[in-house]
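Let me begin by presenting the structure, written as structure tokens, before commenting on it.
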Amino acid sequence: MSKAIIKTEKGNMTVELYTKDAPNTVANFVKLAKDGFYNGLTFHRVIPDFVIQGGCPNTREGASGMPGTGGPGYKIDCELDGDNQYHDRGVLSMAHAGRNTGGSQFFVCHSRNNTAHLDGNHTCFGKVVENIEVVDSIQQGDRINEIEIIED
Numbered sequence: 001m002s003k004a005i006i007k008t009e010k011g012n013m014t015v016e017l018y019t020k021d022a023p024n025t026v027a028n029f030v031k032l033a034k035d036g037f038y039n040g041l042t043f044h045r046v047i048p049d050f051v052i053q054g055g056c057p058n059t060r061e062g063a064s065g066m067p068g069t070g071g072p073g074y075k076i077d078c079e080l081d082g083d084n085q086y087h088d089r090g091v092l093s094m095a096h097a098g099r100n101t102g103g104s105q106f107f108v109c110h111s112r113n114n115t116a117h118l119d120g121n122h123t124c125f126g127k128v129v130e131n132i133e134v135v136d137s138i139q140q141g142d143r144i145n146e147i148e149i150i151e152d
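Counting from 1, one number per residue, gives the positions in the sequence shown under full-length UniProt numbering.
Have a look at this one:
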């Protein structure tokens, strides 16, 4: 199973990627990370006891678009039929503006308290397995320095 290290200003989170349960979503995330797409973007949406969200290119320094509305220039389909499609603490999931409109934006869940309605609607494609406390320390505007992919 592949892993990603999301390196932020507040520390590094190690994520185990759900390559079997959401292969296309993982492949998209891995490609964007390897291309450096996420480097320098910020977490533009932070809602306590819900999620931290990042991956919008409109948060890049000098970008002119509204944060939270950008993507990589294409859309990917949701993958909702695999195992592990449960939005629990530390789960990495694809953000979208409606079914099959995801691209680069992702979120990480703070807890299960307010996320059950996301099950079956957003593709879970990983889970933080090391340094979960970093999720709790992220604030709106905190930067993603880099996402490093570690493949088996």
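Ideal placement from N, C-alpha and C gives every residue a C-beta, glycine not left out.
Remember, it's a predicted structure, so these values are computed and weren't measured experimentally.
Burial is judged here by how many other beta carbons sit within 10 angstroms of a residue's own beta carbon; H117 has fewer than 16 and is exposed. Taking every protein chain shown into account, the CB of I76 has 16 or more other CB atoms within 10 angstroms, so this residue is buried. Residue burial annotation: T25 is buried, with at least 16 other C-beta atoms found within 10 angstroms of its C-beta.
The beta carbon of R99 is closer than 6 Å to those of C78 in its chain, skipping five residues each way along the sequence. Rounded to whole angstroms, the separation of the alpha carbons of Y86 and V129 is 15 Å.
Our two residues, V135 and V91, have alpha carbons roughly 10 Å apart in a direct line.
Taking a 10 Å sphere around the C-beta of D83, we find fewer than 16 other C-beta atoms and assign the residue as exposed.
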